[in-house]
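J.:
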Amino acid sequence: MNKPAPTAMRQQAQGGFTLIELIVVIVILGILAATALPKFANLGGDARIASLNAARGALSATVAMIHGQALVDPTRTEVTNEGQKTSIVNGYPKADTDTSKAAGLTDNDYVVTVGVASATEYAPAVLDKTILIQPKSVSANAFGKTCFIVYAEAVNSTTPPVITSTTTNCGQ
Numbered sequence: 011m012n013k014p015a016p017t018a019m020r021q022q023a024q025g026g027f028t029l030i031e032l033i034v035v036i037v038i039l040g041i042l043a044a045t046a047l048p049k050f051a052n053l054g055g056d057a058r059i060a061s062l063n064a065a066r067g068a069l070s071a072t073v074a075m076i077h078g079q080a081l082v083d084p085t086r087t088e089v090t091n092e093g094q095k096t097s098i099v100n101g102y103p104k105a106d107t108d109t110s111k112a113a114g115l116t117d118n119d120y121v122v123t124v125g126v127a128s129a130t131e132y133a134p135a136v137l138d139k140t141i142l143i144q145p146k147s148v149s150a151n152a153f154g155k156t157c158f159i160v161y162a163e164a165v166n167s168t169t170p171p172v173i174t175s176t177t178t179n180c181g182q
């Protein structure tokens, strides 16, 4: 009896991917990468927003600590908080550079404008008895007009200062 060889009778099964399957996978990966890229491309803007939110929190905490010290002795016109002297007006920190320094907002990271200043191409107008705080990275470009914190001094002893932040376009 002559038996044919087992391999001759069996058809070889194809292994691997066809060219079309490979192209489909590459196209799908390309689409996924294109949709994920914009999220990762704006890390700088997200970082500036997070930095501004942290700065606003530091400023709020500093205001609360200084106000607490002022409540203990209402006749004080100045307090020292973490080695930084800060003037007090109406029981709250005065709108000056000492207040921003007490909050740890140094000129290494932020541009601080105090008092009256006209609007420029890179910054909004600053009113009397206010502080404008901008991240240094946007203070010299158009994003500076939409990426900042404003501290408005307390107008009386029963109304606390107002701290607002604008982050509508921090370099997106």
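So the sequence shown is numbered by my numbering: it starts at 11 and just counts up by one.
The beta carbon of each residue, even a glycine, is placed where N, CA and C say it ideally should be.
Here the structure is a predicted model, which is why all the values come from computation and not from measurement.
1. Which same chain residues end up closer than 6 Å to Pro134 when comparing Cβ atoms and leaving out the 5 residues on each side of it in sequence?
2. Taking only runs of the alpha helix (DSSP H) that begin and end inside the segment 102-136, which ones reach a length of at least 4 residues, in chain order?
3. Suppose you measure from the CA of Glu163 to the CA of Phe50; what does that come to, to the nearest Å?
4. Assign Lys139 to one of three DSSP states: helix, strand, or coil.
5. Cβ of Val89 within 8 Å of Cβ of Ala80?
6. Between the C-alpha atoms of Ala152 and Phe158, what's the straight-line distance to the nearest angstrom?
7. Please list the terminal residues of the continuous alpha helix (DSSP H) segment that includes Thr85.
8. Exposed or buried, which one is Ile141 when buried takes at least 16 other CB atoms within 10 Å?
9. Quick one: what does DSSP say Pro48 is sitting in, helix, strand or coil?
10. Label Val148 either buried or exposed according to how many other C-beta atoms from any shown protein chain fall within 10 Å of its C-beta, with 16 as the threshold for buried.
11. When DSSP labels each residue in this structure, what does Thr156 get in the three-state scheme?
T.: Here's the rundown:
1. One-based indexing of the sequence shown puts residue 134 at position 124. Cβ within range, chain order: Lys155.
2. 107-112
3. Indexing the sequence shown from 1 puts residue 163 at position 153. Indexing the sequence shown from 1 puts residue 50 at position 40. Each residue's alpha carbon lies about 38 Å from the other.
4. Stepping through the sequence shown from its first residue, residue 139 is reached at position 129. Of the three classes helix, strand and coil, the one that applies to Lys139 here is coil, per DSSP.
5. The residue you call residue 89 lines up with position 79 of the sequence shown. The residue you call residue 80 lines up with position 70 of the sequence shown. Their beta carbons are under 8 Å apart, which means Val89 touches Ala80 by this criterion.
6. Here residue 152 is taken as the residue at index 142 of the sequence shown, counted from 1. Here residue 158 is taken as the residue at index 148 of the sequence shown, counted from 1. It is roughly 12 Å from the alpha-carbon of Ala152 to the alpha-carbon of Phe158.
7. Taking the first residue of the sequence shown as 1, we reach residue 85 at position 75. Looking at the DSSP string, Thr85 is not in any alpha helix (DSSP H), and its letter there is neither H nor E.
8. For this step, residue 141 is matched to residue 131 along the sequence shown. Ile141 should be labelled buried.
9. Stepping through the sequence shown from its first residue, residue 48 is reached at position 38. The answer is helix: DSSP assigns Pro48 an H, G or I state.
10. To locate residue 148, count along the sequence shown from 1; it is residue 138. It counts as buried.
11. Your numbering for residue 156 matches position 146 in the sequence shown. Of the three classes helix, strand and coil, the one that applies to Thr156 here is helix, per DSSP.
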